[in-house]
Amino acid sequence: MDNTLDRRIEFVAYLDVELGNPNGDPDAGNRPRQLDDGRGIVTDVCLKRKVRDRIALEHSGEEGFDLYIEPTGTLNSKDERGFEAVLGAGVDLKGLRKSDPDAALRVRDAMCRTYFDVRCFGAVMTTFAKNNLAGGQVRGPVQLSFAVSADPVFPEGQTLTRQAVTTEADREKKTSEMAVKWVVPYGLYRVSGFVSPARARDTGFTWEDWDAFVGAFRRMFWEDRSASRPSMRLRTLTCFTHPNALGVCAAEANLERVSASLKEGVDIPTSFGDYVVEADGEGLPEGVEMVHEVL
1 MDNTLDRRIE FVAYLDVELG NPNGDPDAGN RPRQLDDGRG IVTDVCLKRK
51 VRDRIALEHS GEEGFDLYIE PTGTLNSKDE RGFEAVLGAG VDLKGLRKSD
101 PDAALRVRDA MCRTYFDVRC FGAVMTTFAK NNLAGGQVRG PVQLSFAVSA
151 DPVFPEGQTL TRQAVTTEAD REKKTSEMAV KWVVPYGLYR VSGFVSPARA
201 RDTGFTWEDW DAFVGAFRRM FWEDRSASRP SMRLRTLTCF THPNALGVCA
251 AEANLERVSA SLKEGVDIPT SFGDYVVEAD GEGLPEGVEM VHEVL
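According to full-length UniProt numbering, the residues represented by the sequence shown are 1 to 295, in order.
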């Protein structure tokens, strides 16, 4: 039975941070990322990393849930193992395009079956391109936007001292070292997501994969606490599921139904309780199902 995801989905989530750095910018001394208008941002890459980490915890050892983008191993070695698994060892990749024109696509399909994040988010597999083979660029069905805060955030840099030095030479001059730790006192961030059935067919992304993604997305902060991120939480998740693969309206028609506003009398938010998050389910386009969760 074919269980490939076959209905278009959009979703909106609100996540927050309290006295933490949700996504530091390495080009700015790890300062929390901001737009020019003061609103904070968390990149899609950061959020996908957290989803991958949660998938690794919840589906460790399960077939089809290996991760392509992860700290150990190299991408080229994973590509090469994929070619060997499908075509056998010692295959001349340079001549493969002429000798077996469909081979690269078979390898691509095998990589999608093996690696959850390739099947879900897509990937660029450079071994294909450097051997002049098609199929190395996989467009995943699940795409995330940057998360942007509902209001401006006000990062603060706290200067810290460490009662230790790094080198013997340092010890001759000092007994401690200083650093800056950046925190956002409070910020509520909104992220949007989009799921394409057409791309799901290409990668083999199933309804079970969607359930795995949503579960990991809901729980991505549970095991992610650190000294720099002691308190991050997914607060709400609102999913819009269309009755078919193409959908019955523009994504924005659904996403704009979800909003966050400050409660009356609040100028600077300091907690989630300072906000009202609303999801308007009245008059939905015909066939669209909305599920709104407060987590």
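We treat Cβ as the ideally placed atom computed from N, Cα and C, and that holds for glycine. Small disclaimer: the values here were computed from a predicted structure and weren't measured.
Keeping to the same chain, check which residues put their C-beta closer than 7 angstroms to that of residue i; ignore five residues upstream and five downstream.
i, result
"residue 52", "67, 69, 70 and 117"
"residue 266", "274"
"residue 147", "15, 41, 42, 47, 189, 190 and 191"
"residue 284", "290"
Taking the straight line between their C-alpha atoms, what separation do you get for residue i and residue j?
i, j, result
"residue 268", "residue 23", "21 angstroms"
"residue 159", "residue 25", "18 angstroms"
"residue 10", "residue 111", "26 angstroms"
"residue 12", "residue 139", "21 angstroms"
"residue 95", "residue 88", "15 angstroms"
"residue 129", "residue 80", "13 angstroms"
"residue 65", "residue 239", "24 angstroms"
"residue 103", "residue 247", "34 angstroms"
"residue 78", "residue 45", "20 angstroms"
"residue 105", "residue 197", "19 angstroms"
"residue 113", "residue 86", "12 angstroms"
"residue 39", "residue 33", "9 angstroms"
"residue 210", "residue 165", "48 angstroms"
"residue 207", "residue 244", "14 angstroms"
"residue 58", "residue 72", "18 angstroms"
"residue 74", "residue 276", "45 angstroms"
"residue 282", "residue 193", "21 angstroms"
"residue 223", "residue 212", "16 angstroms"
"residue 3", "residue 215", "18 angstroms"
"residue 109", "residue 115", "10 angstroms"
Return the chain-ordered list of same chain residues with a C-beta closer than 6 angstroms to the C-beta of residue i, the five sequence neighbours on each side being excluded.
i, result
"residue 17", "184, 187 and 232"
"residue 136", "125, 128 and 129"
"residue 258", "12, 238 and 279"
"residue 229", "20"
"residue 219", "54"
Does DSSP put residue i in a helix, a strand or coil?
i, result
"residue 182", "strand"
"residue 279", "strand"
"residue 57", "helix"
"residue 25", "strand"
"residue 258", "strand"
"residue 197", "helix"
"residue 271", "coil"
"residue 208", "helix"
"residue 80", "helix"
"residue 66", "strand"
"residue 252", "helix"
"residue 176", "coil"
"residue 192", "strand"
"residue 108", "helix"
"residue 4", "strand"
Give the range of the beta strand (DSSP E) segment to which residue i is assigned.
i, result
"residue 159", "156-162"
"residue 236", "232-241"
"residue 17", "9-20"
"residue 147", "147-152"
"residue 144", "142-144"
"residue 293", "289-294"
How would you write the range of the alpha helix (DSSP H) that residue i sits in, first residue to last?
i, result
"residue 39", "It is not in any alpha helix (DSSP H) - residue 39 instead sits in the beta strand (DSSP E) that spans 39-42."
"residue 220", "Residue 220 -> no alpha helix (DSSP H), and no H or E assigned at all."
"residue 171", "168-171"
"residue 118", "116-121"
"residue 139", "It is not in any alpha helix (DSSP H) - residue 139 instead sits in the beta strand (DSSP E) that spans 137-139."
"residue 97", "96-99"
"residue 263", "Careful: residue 263 lies outside any alpha helix (DSSP H) and carries neither H nor E."
If you drop the 5 nearest sequence neighbours on each side, which residues of the same chain put their C-beta closer than 8 angstroms to that of residue i?
i, result
"residue 162", "176, 177, 178 and 179"
"residue 8", "195, 196, 197, 241, 242, 244, 245, 246 and 247"
"residue 93", "83, 127, 131 and 133"
Do we get a CB-CB distance below 8 angstroms when we pair residue i with the residues of chain B?
i, result
"residue 6", "The structure shown contains no chain B; it is built from a single protein chain."
Exercise. Pairing CB atoms from the segment 140-157 with CB atoms from the segment 114-131, are three or more of them under 8 angstroms?
Worked result: The segment 140-157 vs the segment 114-131: in contact.
Problem set entry | Sufficient close CB pairs (3 or more, under 8 angstroms) joining the segment 194-208 to the segment 155-170 | Contact between the segment 194-208 and the segment 155-170 is absent, because fewer than three Cβ pairs lie under 8 angstroms.
Exercise. Do three or more CB pairs link the segment 252-264 to the segment 274-290 at distances below 8 angstroms?
Worked result: They touch, by the three-pair rule.
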